Every structure is written in structure tokens, then in C-alpha cells.
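The next block holds one structure in the form of C-alpha cells; read it before the comments.
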Amino acid sequence: MDNGVPFMDLKRAYSHYRDKIEEAVLKVLRSGVYLNGPETESLERELAEFLGVTHAVGVASGTEGLHLILQALDLPRDTYVLLPAFTFVATCEVVVRAGISPYFVDIDPKTGNISLDALRDTLVKLRNKGKKVSAVIVVSIFGNPADLINIEEFCKDERLHMIEDICQAFGAELDGKKVGSFGIASATSFYPTKNLSAFGDGGMIFTNDFPLAKKIRYLKEHGQTAPYYYEYHGVNGRIDEIQCAILRVKLREFREELKKREKLAEFYRENLQDLYPYVRFLETLPKAKPAYSIYSLRVERREELKAYLEREGISCRVYYPIPLHLQPIYKDVGFKQGDLPETEALCEEILSIPFFPYLTLEEALKVVQKIRAFYGK
Ligand SMILES: Cc1ncc(COP(=O)(O)O)c(C=O)c1O
1196 MDNGVPFMDL
1206 KRAYSHYRDK
1216 IEEAVLKVLR
1226 SGVYLNGPET
1236 ESLERELAEF
1246 LGVTHAVGVA
1256 SGTEGLHLIL
1266 QALDLPRDTY
1276 VLLPAFTFVA
1286 TCEVVVRAGI
1296 SPYFVDIDPK
1306 TGNISLDALR
1316 DTLVKLRNKG
1326 KKVSAVIVVS
1336 IFGNPADLIN
1346 IEEFCKDERL
1356 HMIEDICQAF
1366 GAELDGKKVG
1376 SFGIASATSF
1386 YPTKNLSAFG
1396 DGGMIFTNDF
1406 PLAKKIRYLK
1416 EHGQTAPYYY
1426 EYHGVNGRID
1436 EIQCAILRVK
1446 LREFREELKK
1456 REKLAEFYRE
1466 NLQDLYPYVR
1476 FLETLPKAKP
1486 AYSIYSLRVE
1496 RREELKAYLE
1506 REGISCRVYY
1516 PIPLHLQPIY
1526 KDVGFKQGDL
1536 PETEALCEEI
1546 LSIPFFPYLT
1556 LEEALKVVQK
1566 IRAFYGK
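Residue numbers (the working numbering): 1196 to 1572.
So, in C-alpha cells, the structure goes:
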């Protein structure tokens, strides 16, 4: 795009890592081992260490990771799993696929993440109706840590499994602890636009629970517990060696990439914060260190601003225009417009602007200038 600013340009990351990645890929191609080999094993070990957990299991995608966690937990079919409606569809899709009922909870408008107060109220409401709840899926949306410490405590008290969807938040921290190390297990995605990303699909599950990790390993290999002996209904849920080799190359510079994300986020904040109330930011919790994969603003006249920016060559996205509780596929869950007011308000105001580690400050400045010009500032 001439003089335009891309929302994300994956080719820039490729150029940055090209020689090292090509060498790593070639090594795998020449090795003759394409699945369940040394690259997968090493990546699992390195990422478990990075996250501060005892087990990491490589899987085919973030979606498959979340699904395998639910399947391994074997949650009773007559229970509900609570989750936010302000998230990517996969967070909910896996609940339905596991044969359990999803139930939506409103967000904290400050952070955009599931609200603990709403979680408490929803649990009481469902229990009063004689319904059972077995788990909560917590998403740290855009890479901004959710209220993980308090939600973990709440889940312990209420005997609920807490599962983290960290697909947008790999590398983020809360009070010095990595997002993804709270609750019973978490799953991340290596989709090409994510913080730690592959050149295709991939994902990883993290847990400190050895029996759970072991079961997940069986499940992702068709439920095979010994050669051609099947104790579980499993899936083909593997990650491949080429992607793992690429991810290991990128992991070596991951902390520097996180710093670039941090710097860019700071730049946007510093240069846009006086536009309040036209432009507002999602807040971070006091001890949170976000790892933004997507940078989003709450803006007034969203559609007009988006059209203006696109006319000016600045590519923007709306994550997410329609919350999950109002999507046709989840009609049966029984929600209607107005049921999750904070989620619905955010969907009307949210706008995601160009953001990736290889975006230049000149490009970010152009984004800032155009947003300021739109509001006459
Ligand atoms: C919040 C969230 N959950 C789940 C997923 C699914 O990950 P994947 O695309 O690797 O299946 C994504 C990624 O797109 C996501 O953003």
C-alpha cells in the first residue's frame, strides 16, 4: 500500500527472521522427521519454562487446544461453562463441540475482560434456577490480562475449573506471573497474527496437572494409549515439526518483540490520551503487564472514523462487531439484545488500529495524526 499503513504486515517479520527460519525449516525437511520429533519436544520444554508451568503440549491450533482441555476434563454434560461474549468465536465453539452448554457473562467495561462481579451474579442466578456450572473460560482479550488472581480464587472457592484462553495474550503477565499459568490449564494459538506466531496453524496447552497433560497427549493422538490401542475417543490434534522449528527461532527474540509492542502501545497512549472522551483506552489492572496482539480504542462515531481512516490509507478492524450472545449460532443459549449491556456497548465503540512489532514509529505517527484530524484536534 503506497503511503498507507497496514493493519498488520506479516512479511516484515518474515524478512526479519528470513535466514534463520529458512535454515531451521531446511533442517527439518532434511531430517525426515515431520511430526512428534525433537523440534516439538524442545518447543514444549522451552515454552513450559517461559510460562513457568510444568507441562506444555503442542497441538494443532488454539481452538484444538481449548477443545482438548475441555475434553480431558470430562465435564458433566448437564453443566454450564461460563465465558465472556466479547471474544473470538472459538472460545465458545469448543464448549459446544465438547457437548457442554455455554453461558455468557458480561465484561468489566474498564478492561474489556470478563467481570468478576458479573461472574458471581451469573453463578448465583444459574444455581438458583437449579443449574450446575462446571467451569469458567477466562480470556485476556487483545493481550490485556483479565482479573486472573481474583477469578482463580473465586473458582477455587466455588469448585469450578478455571481455563485460560490466552490465544491473544501470550507473553502477558499479572503480578509477575505469566498469563496462562493460572487455573487448571490454558491454551495459546500460534496463528500467524498472534504474539508468538507460526507460518500456519498451531497451538499449545499449558498446565501444572500431570494426569491432565498425560490425557491430553493421548487425546491429541486419536486417544491411543499404547500402539494401536485406544482408551479414549481422540482426535488428530498434533502440531508439526516445521512450525515448531520456526517458533523456536522466533522465541529467541520474543522478549524484544514484546518490548516493541509495549513501546508502540505507549506511543499510541501518549499521543491520543488527550482526545478523551472521543477516544478512550481499555485500562490495565494495577499489576498487569499486557502483551498486546491487537491494539484497540473505544471511540466515538466509530463507523465514520473507520471509513475516514481507510480513505486515508490506514487499515483498521472491528474486533468484534457482534458479541457472541447475539450471534445466530448461539440463539439457543437464550440471550437477547440488552442482556449484556457492557459487552454490547463495547462492540459499538471498539476500533482496532495498526499494531505489530514491525510497524514503524513514522507509520504510528500517521495513524495518530489522522485520528486527531478526524476529531479536529
Ligand atoms: C481469543 C481467541 N481464542 C481462540 C482462538 C483460536 O485460535 P486458532 O486460530 O489457533 O484456532 C483465537 C485466535 O484466532 C482467539 O483470538
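Built from N, CA and C at the ideal position, the CB exists for glycine as well.
It should be emphasised that the depicted structure is a prediction, and the values quoted were computed from it without experimental measurement.
- Taken in chain order, the complete alpha helix (DSSP H) segments of 4 or more residues contained in the region 1307-1353 are 1311-1323 and 1343-1352.
- For isoleucine 1302, the three-state secondary structure derived from DSSP is strand.
- Sequence-distant Cβ neighbours of histidine 1520 in its own chain, meaning closer than 6 Å and more than five residues away, are Ala1280, Phe1299, Phe1530 and Leu1535.
- The region 1363-1370 and the region 1380-1399 touch, with no fewer than 3 CB-CB distances between them shorter than 8 Å.
- Spanning the alpha carbons of aspartate 1301 and leucine 1477 requires a straight line of approximately 15 Å.
- Of all residues, those with a beta-carbon under 6 Å from at least one heavy atom of ligand 1 are Ser1256, Gly1257, Thr1258, Thr1282, Phe1283, Ala1285, Thr1286, Val1334, Asp1360, Cys1362, Gln1363, Ser1384, Tyr1386, Asp1396 and Gly1398, reported in chain order.
- With a 10 Å radius around the Cβ and a threshold of 16 neighbouring Cβ atoms, histidine 1428 comes out exposed.
- Residue environment: leucine 1546 is assigned as buried (16 or more neighbouring CB atoms within 10 Å of its CB, all protein chains considered).
- Residue state for arginine 1512 is assigned as strand, using DSSP reduced to three classes.
- Shown here, threonine 1286 sits in a helix according to DSSP, grouped into three states.
- In this structure, the CA atom of arginine 1225 is about 13 Å from the CA atom of glutamate 1234.
- At least 9 Å separates the beta-carbon of glutamate 1359 from that of valine 1328.
- Put simply, the region 1490-1500 does not touch the region 1234-1247. Fewer than three CB pairs are less than 8 Å apart.
- By the criterion of a C-beta distance shorter than 7 Å, arginine 1512 is surrounded in its chain by Phe1202 and Ser1547, once the five residues flanking it on both sides are discounted.
- Using a Cβ distance threshold of 9 Å, isoleucine 1346 and valine 1333 count as a contacting pair.
- Between the alpha carbons of valine 1254 and arginine 1443 lies a distance of about 15 Å.
- At a Cβ-Cβ threshold of 9 Å, glutamate 1452 and proline 1552 count as neighbours.
- Contact check for alanine 1440 and valine 1290: beta-carbon distance about 33 Å, past the 8 Å limit, so the pair fails to qualify.
- Going by C-alpha positions, cysteine 1287 is about 7 Å away from proline 1297.
- Around the beta carbon of leucine 1560, a 10 Å sphere encloses fewer than 16 other beta carbons of the protein chains shown; the residue is thus reported as exposed.
- With contacts defined by Cβ atoms closer than 9 Å, tyrosine 1275 and lysine 1351 do not form a contacting pair.
- With respect to the 9 Å criterion, leucine 1230 and aspartate 1435 are classified as neighbours on the basis of their beta carbons.
- Closest in C-alpha terms to leucine 1407, from the list Val1252, Asn1431 and Gln1438, comes Val1252.
- By the 16-neighbour rule on beta-carbons within 10 angstroms, threonine 1555 is exposed.
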